[in-house]
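In what follows, a single structure is set out as structure tokens and then discussed.
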Amino acid sequence: MSHFSIRCRKCNTILENSYCAFCEHCKDALLVTEYHDTRFTEGEGYSVWRFNWLPVHQPSSIQPGPLVYRSQGLAKQLGLEQLYIAFNGYWPEKGALLETCTFKEFEAAVVLQNARENNVEGLIVASAGNTARAFAHLSATSGFPAIIVVPRMCLGEMWYLEPSSTVPTFAIADGDYSDSIDVAKRIALITGFPFEGGVKNIAKRDGLGIVMLEAVSKIGRLPDHYVQAVGSGTGAVGGWEMSERFKKDGRFGARLPKLHLGQNLPFAPMLHAWEKKSRALFPEDLDPSLISQITTRVLSTRYPAYSVQGGVYDALTASGGNMYGVVNETVYAGMETFLASEGIDIVPAAGVAVAVLSEAVRSGEIKKHETVLLNITGGGEKRLRQHRKTHLVIPKYISKNISEKELEEVLCPVLKKSC
Numbered sequence: 134m135s136h137f138s139i140r141c142r143k144c145n146t147i148l149e150n151s152y153c154a155f156c157e158h159c160k161d162a163l164l165v166t167e168y169h170d171t172r173f174t175e176g177e178g179y180s181v182w183r184f185n186w187l188p189v190h191q192p193s194s195i196q197p198g199p200l201v202y203r204s205q206g207l208a209k210q211l212g213l214e215q216l217y218i219a220f221n222g223y224w225p226e227k228g229a230l231l232e233t234c235t236f237k238e239f240e241a242a243v244v245l246q247n248a249r250e251n252n253v254e255g256l257i258v259a260s261a262g263n264t265a266r267a268f269a270h271l272s273a274t275s276g277f278p279a280i281i282v283v284p285r286m287c288l289g290e291m292w293y294l295e296p297s298s299t300v301p302t303f304a305i306a307d308g309d310y311s312d313s314i315d316v317a318k319r320i321a322l323i324t325g326f327p328f329e330g331g332v333k334n335i336a337k338r339d340g341l342g343i344v345m346l347e348a349v350s351k352i353g354r355l356p357d358h359y360v361q362a363v364g365s366g367t368g369a370v371g372g373w374e375m376s377e378r379f380k381k382d383g384r385f386g387a388r389l390p391k392l393h394l395g396q397n398l399p400f401a402p403m404l405h406a407w408e409k410k411s412r413a414l415f416p417e418d419l420d421p422s423l424i425s426q427i428t429t430r431v432l433s434t435r436y437p438a439y440s441v442q443g444g445v446y447d448a449l450t451a452s453g454g455n456m457y458g459v460v461n462e463t464v465y466a467g468m469e470t471f472l473a474s475e476g477i478d479i480v481p482a483a484g485v486a487v488a489v490l491s492e493a494v495r496s497g498e499i500k501k502h503e504t505v506l507l508n509i510t511g512g513g514e515k516r517l518r519q520h521r522k523t524h525l526v527i528p529k530y531i532s533k534n535i536s537e538k539e540l541e542e543v544l545c546p547v548l549k550k551s552c
């Protein structure tokens, strides 16, 4: 007997299939996990599997979680009394043990385990970098097949823990992250492996929501504010959904954390839509040429989870949140500020989050006595390379306009069959 059900946010239909992406009646709304136990509980140990609000039953691996700690350095610099940092990366001296250096490792762990339990034989994953690294690592270590599709423009910032020959990786030579998603969906049709699903996958959102689970476990209550950089916005939605569960529990606070979400200017389609109080995105803000001008390519999807019911627009509205734009120069300043004040390197996307926090404090949106959770979505890459060898990603290059016949031919070696 499962400990959870899946409900459509729009029509409230309960779906029987525990591995699905859509309600057959409401294609414009996200499904949401409803756990039968509405009280938050956790077991012993440090593995994320100790939490009861995850859509898995019998995980066999040990998956480290985030490091959540009360800040001293950055808090003092910003004048905050209750700043907590969720550090997702490699910082062994402090107990952070994510060797992929990204919170996407949580989503990969939960998605792969959920797929395994639903008799899925393999997955197709599209990524702009961090998700690819997380899925490649856990696919290699667990033996669960995955095929990964990434945009060529992101390869300069990408690396794997294992040689890329271990996990089949294709790079779209003439497109961006959104084109990678399109090709990944085509590969799914040919291989019979499902597309991992992005924000529509409940296991992905609940996996990323582990940051909120760990934070509330550490702090003892919901934070007043939650700060994160967003590309698709899936992590922010996952955090909001977990917050809703804590609110329903009733023991951890009666108010949802106010979301403060940042994008890297000039590619900031969700920011511009939010500023205009629009649920719909605007075509001019999705111009691919803008992507080449930002330093955080991992935040560059043209298919964000903004307009869909249950997505970023609804999360911001429900929490009374806000969005922020951060230019490249300020991204780098955020990275330098964190290194100087906390003592560990962080990735550019996390630099966006530090800049957002600084702006929210400066503008008075966050008061000095309020409890704040800053999600550092990736860090410790320099520290990791002192302990482990990393590998360049050497993919098979294909065009976004590749024909079905050509796509089948390049997949033949991967599928180990003659064509």
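Mapping of the sequence shown onto my numbering: position 197 corresponds to residue 330, and the numbering continues sequentially without gaps. For every residue, glycine included, the Cβ atom is placed at its ideal position computed from N, Cα and C.
Could you check what DSSP says for I335 in three-state terms: helix, strand or coil? Position 202 of the sequence shown, counted from the start, is the residue given in the question as residue 335. Helix, per DSSP.
When we look at the beta-carbon of E240 and count the other beta-carbons within 10 Å, is it buried (16 or more) or exposed? In the sequence shown, the residue the question calls residue 240 occupies position 107. Per the 10 Å Cβ criterion, buried.
Please classify M134: is it buried, with 16 or more other beta-carbons within 10 angstroms of its beta-carbon, or exposed? Reading the sequence shown from its first residue, position 1 is the one you call residue 134. Exposed, because fewer than 16 other Cβ atoms sit within 10 Å of the Cβ of M134.
Please classify H270: is it buried, with 16 or more other beta-carbons within 10 angstroms of its beta-carbon, or exposed? The residue you call residue 270 lines up with position 137 of the sequence shown. H270 should be labelled buried.
Enclosing alpha helix (DSSP H) for L540 [first to last residue]: Residue numbering aside, residue 540 sits at position 407 when the sequence shown is read from its first letter. Run containing L540: E537 to L548, per the alpha helix (DSSP H) assignment.
DSSP three-state call for F612: helix, strand or coil? Outside the displayed range of the chain (134 to 552) lies residue 612, so it cannot be described from this structure.
Measuring CA to CA, which of L231, F385, A448 and H358 is closest to R142? The residue given as residue 142 occupies position 9 in the sequence shown. Taking only the C-alpha atoms, the option nearest R142 is A448.
For chain B, is any of its Cβ atoms less than 8 angstroms away from the one on K500? In the structure shown, chain B cannot be found, because there is only a single protein chain.
What number of angstroms, rounded off, separates the C-alpha of T235 from the C-alpha of G342? As a first step, residue 235 must be located in the sequence shown, where it is residue number 102. As a first step, residue 342 must be located in the sequence shown, where it is residue number 209. Cα to Cα, T235 sits roughly 14 angstroms from G342.
Does the region 506-516 come close enough to the region 480-497 to have 3 or more Cβ pairs within less than 8 angstroms? yes
Pull up the distance between the alpha-carbon of I385 and that of V360, whole angstroms please. Numbered from 1 along the sequence shown, position 252 holds the residue referred to as residue 385. Numbered from 1 along the sequence shown, position 227 holds the residue referred to as residue 360. Reading off the sequence, residue 385 comes out as Phe, not Ile. Roughly 19 angstroms separates the two Cα atoms.
Which of helix, strand or coil does DSSP assign to P199? Walking along the sequence shown from the start, residue 199 turns up at place 66. Reduced to three states, the DSSP call for P199 is coil.
Among A261, A304, C159 and G340, whose alpha-carbon lies nearest the alpha-carbon of N247? Counted from its first residue, the sequence shown places residue 247 at position 114. Answer by Cα proximity: G340.
Check whether the Cβ atoms of S297 and H524 lie closer than 8 angstroms to each other. Numbered from its first residue, the sequence shown carries residue 297 at position 164. Numbered from its first residue, the sequence shown carries residue 524 at position 391. Yes, the pair counts as a contact, with Cβ atoms nearer than the cut-off.
Three-way DSSP call (helix, strand, coil) for W186 in this model: Working through the sequence shown from its first residue, we reach residue 186 at position 53. If DSSP states are grouped into helix, strand and coil, W186 belongs with coil.
Consult DSSP for H136 and reduce its assignment to one of helix, strand or coil. In the sequence shown, the residue the question calls residue 136 occupies position 3. Reduced to three states, the DSSP call for H136 is coil.
A306 to I527 span [Cα, whole Å]: Sequence index remark: in the sequence shown, residue 306 carries index 173 (1-based). Sequence index remark: in the sequence shown, residue 527 carries index 394 (1-based). Using only the alpha carbons, I get a separation of about 13 angstroms.
Could you tell me the alpha carbon to alpha carbon distance between A336 and V243, rounded to whole angstroms? Locating residue 336 in the sequence shown gives position 203, counting from the first residue. Locating residue 243 in the sequence shown gives position 110, counting from the first residue. C-alpha separation (whole angstroms): 6 angstroms.
Please list the segments of the alpha helix (DSSP H) lying wholly inside the region 392-468, counting only runs of 4 or more residues, in order along the chain. 402-408 and 445-452
Span of the beta strand (DSSP E) around N221: Counting from one through the sequence shown, the residue named residue 221 turns up at place 88. First-last of the beta strand (DSSP E) with N221: Q215 to W224.
Put G372 into one of helix, strand or coil per three-state DSSP. Translated into positions along the sequence shown, residue 372 becomes position 239. Looking at G372 - three-state DSSP - the assignment turns out to be helix.
In the DSSP assignment, what are the bridge partners of L164? The residue given as residue 164 occupies position 31 in the sequence shown. BP columns for L164 point to C141.
Please state whether the Cβ-Cβ distance between E347 and P225 is less than 8 angstroms. For the purposes of this step, residue 347 is taken as the residue at position 214 of the sequence shown. For the purposes of this step, residue 225 is taken as the residue at position 92 of the sequence shown. Their beta carbons are not under 8 angstroms apart, which means E347 does not touch P225 by this criterion.
Beta-ladder partner(s) of S180, from DSSP: The residue given as residue 180 occupies position 47 in the sequence shown. Paired residue(s): P197.
Expressed to the nearest angstrom, what Euclidean distance is found between the alpha-carbon atoms of L540 and I323? Start at 1 with the first residue of the sequence shown, and residue 540 comes out as number 407. Start at 1 with the first residue of the sequence shown, and residue 323 comes out as number 190. C-alpha separation (whole angstroms): 8 angstroms.
Since I believe F268 is in contact with A279 (beta carbons under 8 angstroms), could you give me their beta-carbon distance rounded to a whole number of angstroms? Your numbering for residue 279 matches position 146 in the sequence shown. Your numbering for residue 268 matches position 135 in the sequence shown. Correct: roughly 5 angstroms between the Cβ atoms.
Would you kindly check if the distance between the Cβ of E498 and the Cβ of N455 is under 8 angstroms? Numbered from its first residue, the sequence shown carries residue 455 at position 322. Numbered from its first residue, the sequence shown carries residue 498 at position 365. The answer is yes: Cβ separation under 8 angstroms.
Where the beta strand (DSSP E) through I280 begins and ends: Counting from 1 along the sequence shown, the entry for residue 280 is found at position 147. Element bounds for I280: A279 to P284.
Contacts around G331, its chain only, beta-carbon distance under 8 angstroms, and the 5 residues preceding and following it disregarded: Here the question's residue 331 lines up with position 198 in the sequence shown. Result list for G331: A259, I314, K337, S365, T367, Y436 and A438, in chain order.
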